[in-house]
Amino acid sequence: MLALQLLLNGLQAGAIYALTAVGFSLIFGATRIFHFAHGSTFAIAGYVFYWVFAVRQLPLAVAVGASALAALAFGTAMDRFIYRPVQQHQGSFFTVFIASFGVSIVVQALIGMVMGRTFVTVSTPLSASTMLAEGLYVAPMAGLAVVTALVFFACLGWVLVRTDIGVALRALSHSHALVRAYGLDPQVLSRHAFAIGSLLAVPAAVITACTSGLNPSIGNHAMLISLAATIVGGVGSLKGAACAGMILGLAENLSSWKLPTEWSEAVSFVVLFLFIIFRPSGLFGVEQKR
Amino acid sequence: MNLPTIRAWAMAAAALWASASLAQNITIGAVFPMSGPNADYGDIFMGGTSIALDHVNADKLLSQPLAISYEDSQATPQRGVVAINKLINVEKVPYAMTAFTGVSKAIAPVADRAKVVLANGGGIGPDLAALGPYFWNVIPLVNEEVKALVPYVVKDRGWKRVALIYLDEPIGEEVLKELRAGVERQGGTLVTALAIPASAQQFSTIAAKVREANPDVVYLASVGAQQPQLIKQLRDNGVNKPFVSYSALATPAVVALPEAKGIIYTSQKMDWNATDAATARFVGDFRKKYKKDPSPYAANYYNAVLVFARLAQRLEKQGKPITGENLRAALAEGRSFDVVGGRMEFLANGSVTMPITIQEIGGKTLN
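Top line first, the protein sequences correspond to chains L and X.
1 is the number of the first residue of the first sequence in the numbering used here; add one for each residue after it.
291 is the number of the first residue of the second sequence in the numbering used here; add one for each residue after it.
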């Protein structure tokens, strides 16, 4: 029964990781910008939801809307006001990364100053588990997390395959020159990538606010998992990032079945190292021949 | 003389005046967590030191005003070592306050080499009693807290099957050692001991393992922002057994959490309504300044500043310089102090003995 419980816990964690990782992977794949501040998008979305819903006690839909708006504004502002100016001044990949890293530290400090440096949570009956069988507890939020992830991935798949913007974004991840040749503006497409990628962090942030709670450094954990999932899934592969997010969530939880609990976080990175050594291209990445 | 030149001279004069006024102070140091997930504790500690500073300077205990130079440890040993090196080499402090077991153990050798006294009012690992002659504790250590709690839990309440969730750091390891021995001594069983990394934020797996062990009671040994997350997730995930813990649990964030109501925890005994001069003055001024009751941690760091001031006063009367070595010698001349909470007596190893109380969050004193 413990294994089944850990499997269910892993599915919930994996759904949240997959949502965050796919957002990061979409942005990185399309723009080649190492958007470290994606973790900040997650934190901002979570805190705005907490503030609107738990502090101001406005309706759930308003809180989710405000959270999405904040994530959208932050992600697109990062693209417009941080990455683009840095890139216009011949900023290297590393310079852009440092700029993003710096912003994430500033955001963490600002959240601490404005919202307090301690833990906050949104109390909801949906996060309280009920016993399904002897020793098996599941919260409605676990099912909600998995269903939300599936719905968002279905919508994302539809956007990427069926809409012009989606097709252009996929083209952008292959070649900026090709996109320009078709008369499209890579900067506009980049803005769309940031908007969609940032929105994908919103459901994960809202569910996290209701289940494990938030603290100003919550974005770092989200970012580490996103990075690991992007590499494990194969850089540029959204399907890979989603699967890898789920695998990491399951590995983190199922490891406690046989291993001491202090290893659960480390297991994610053991998985990452194994992929780097034995399958550097990841689950769905294209192997690069030298 | 043009405007930029005047401005430059004015800035130079201001800098000289500032450095001169700093030089006139007697400065001690503090290595506290002021950012990161444990920053809450830094706020609590500074609540006590700032009142102490007001009192020492108002009473003119020393020939020059006392000042405290604060450095941020972020509750990590690495940052703590950087902080104490700055206090010793740049600020030249003879005495510094420290907190957190891991940080204190990391910075103690540095202070010991430089013959600078460290006073701990927040770390509770038992091995803090053996960090050398320059390391003093003004707080009862966790082994005393566990020893006080175990008979109450196992004998008085009859909770014989104890589960432990502990931080994978020195403080957690010490609780594990003490709890295992103590529970078995009282005829109980430690049914499971689950370690959690300091950075862990997901505890549904821990909850599943606790439920599987089927304990009568769960001892929580974590610190900082992790504690409310742990408590909420355990309750959300079906762990409905009583929780017990130590003094580090009772942070404002935990006390405010609905899921934390009823948690039993130990702390040093402090009667905020006591009428002795030191306690009444501290509590009165604390309430006036912060509009709430102090925590034992605030009192500990108030006491740490007060102990320094009394020892430094002795040295000044004897015409001796205020150095770490001389502070040790001054302590050897008289080990008792009237401080907040009553009379504090230092043992030969630099630790203090104090009564422990058992309380309930949102409830009453139990023992």
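By construction, the Cβ of each residue, glycine as well, lies at the ideal position given by its N, Cα and C atoms.
Closer than 8 Å, CB to CB, is residue i near chain X or not?
i: residue 244 of chain L; result: no
i: residue 5 of chain L; result: yes
i: residue 47 of chain L; result: no
i: residue 13 of chain L; result: yes
i: residue 35 of chain L; result: no
i: residue 73 of chain L; result: no
i: residue 233 of chain L; result: no
i: residue 135 of chain L; result: yes
Can you tell me whether residue i is helix, strand or coil according to DSSP?
i: residue 650 of chain X; result: strand
i: residue 612 of chain X; result: coil
i: residue 311 of chain X; result: At residue 311 of chain X, the pLDDT of 48 sits below 50, so the modelled position is not reliable; the number obtained from the coordinates is stated separately. It is helical.
i: residue 284 of chain L; result: coil
i: residue 133 of chain L; result: strand
i: residue 479 of chain X; result: strand
i: residue 305 of chain X; result: Because the pLDDT at residue 305 of chain X is just 49, under 50, the model does not fix this residue reliably, and the value given afterwards should be weighed accordingly. Looking at residue 305 of chain X - three-state DSSP - the assignment turns out to be helix.
i: residue 637 of chain X; result: coil
i: residue 151 of chain L; result: helix
i: residue 371 of chain X; result: helix
i: residue 485 of chain X; result: strand
i: residue 138 of chain L; result: strand
i: residue 529 of chain X; result: coil
i: residue 120 of chain L; result: strand
i: residue 642 of chain X; result: strand
i: residue 274 of chain L; result: helix
i: residue 160 of chain L; result: helix
i: residue 214 of chain L; result: strand
i: residue 547 of chain X; result: coil
i: residue 35 of chain L; result: coil
i: residue 21 of chain L; result: helix
i: residue 541 of chain X; result: coil
i: residue 191 of chain L; result: helix
Quick one: list the residues of chain X neighbouring residue i, beta-carbon separation under 9 Å, in chain order.
i: residue 256 of chain L; result: 484, 495, 496, 498, 499
i: residue 131 of chain L; result: 528
i: residue 38 of chain L; result: Chain X residues near residue 38 of chain L: none, gap ~17 Å exceeds 9 Å.
i: residue 192 of chain L; result: The premise fails here: residue 192 of chain L is roughly 31 Å from chain X at the closest Cβ pair, so nothing lies under 9 Å.
Any Cβ of chain L within less than 8 Å of the Cβ of residue i?
i: residue 492 of chain X; result: yes
i: residue 489 of chain X; result: yes
i: residue 515 of chain X; result: yes
i: residue 502 of chain X; result: yes
i: residue 458 of chain X; result: yes
i: residue 538 of chain X; result: no
i: residue 543 of chain X; result: yes
i: residue 311 of chain X; result: Confidence at residue 311 of chain X is low in this model, with a pLDDT of 48, below 50, so its placement is unreliable and no value can be given for it.
i: residue 613 of chain X; result: no
Span of the beta strand (DSSP E) holding residue i?
i: residue 319 of chain X; result: 316-322
i: residue 533 of chain X; result: 533-535
i: residue 361 of chain X; result: 356-362
Using a cut-off of 7 Å between C-beta atoms, extract the partners of residue i located in chain L.
i: residue 522 of chain X; result: 121, 213
i: residue 330 of chain X; result: 117, 118
Name the chain L residues that come within less than 8 Å of residue i, Cβ to Cβ?
i: residue 518 of chain X; result: 118, 119, 121, 213
Would you mind telling me which residues of chain X sit closer than 7 Å to residue i, beta carbon to beta carbon, in chain order?
i: residue 128 of chain L; result: 526
i: residue 260 of chain L; result: 485
i: residue 264 of chain L; result: 495
i: residue 139 of chain L; result: 526
i: residue 174 of chain L; result: Near residue 174 of chain L there are no residues of chain X at all, since even the closest Cβ is about 36 Å away, more than 7 Å.
Looking at the secondary structure, which residues open and close the alpha helix (DSSP H) in which residue i lies?
i: residue 237 of chain L; result: Note, residue 237 of chain L: premise wrong, no alpha helix (DSSP H); not H, not E.
i: residue 331 of chain X; result: 329-348
i: residue 230 of chain L; result: 218-233
i: residue 511 of chain X; result: Taken as a continuous stretch (DSSP letters only), residue 511 of chain X belongs to no alpha helix (DSSP H), being part of the beta strand (DSSP E) at 507-511.
i: residue 386 of chain X; result: Not the alpha helix (DSSP H): residue 386 of chain X falls in the beta strand (DSSP E), residues 385-388.
i: residue 1 of chain L; result: First-last for residue 1 of chain L: undefined, no H or E at that position.
i: residue 500 of chain X; result: 494-503
i: residue 67 of chain L; result: 60-77
i: residue 81 of chain L; result: Segment: none, residue 81 of chain L is in no alpha helix (DSSP H) and carries neither H nor E.
Applying a beta-carbon distance threshold of less than 9 Å, which residues of chain L neighbour residue i?
i: residue 327 of chain X; result: 117, 118, 119, 215, 216, 217
Interface residues of chain X around residue i at Cβ under 8 Å?
i: residue 2 of chain L; result: 498, 499, 502
i: residue 348 of chain L; result: In the structure as shown, chain L begins at 1 and stops at 290. Residue 348 of chain L is therefore absent and cannot be evaluated.
At 4 residues or longer, and completely inside the segment 554-632 of chain X: list those alpha helix (DSSP H) runs for me, N to C. 567-580, 586-608, 614-623
Can you give, in chain order, each stretch of the alpha helix (DSSP H) that sits fully within the segment 404-472 of chain X and has at least 4 residues? 432-441
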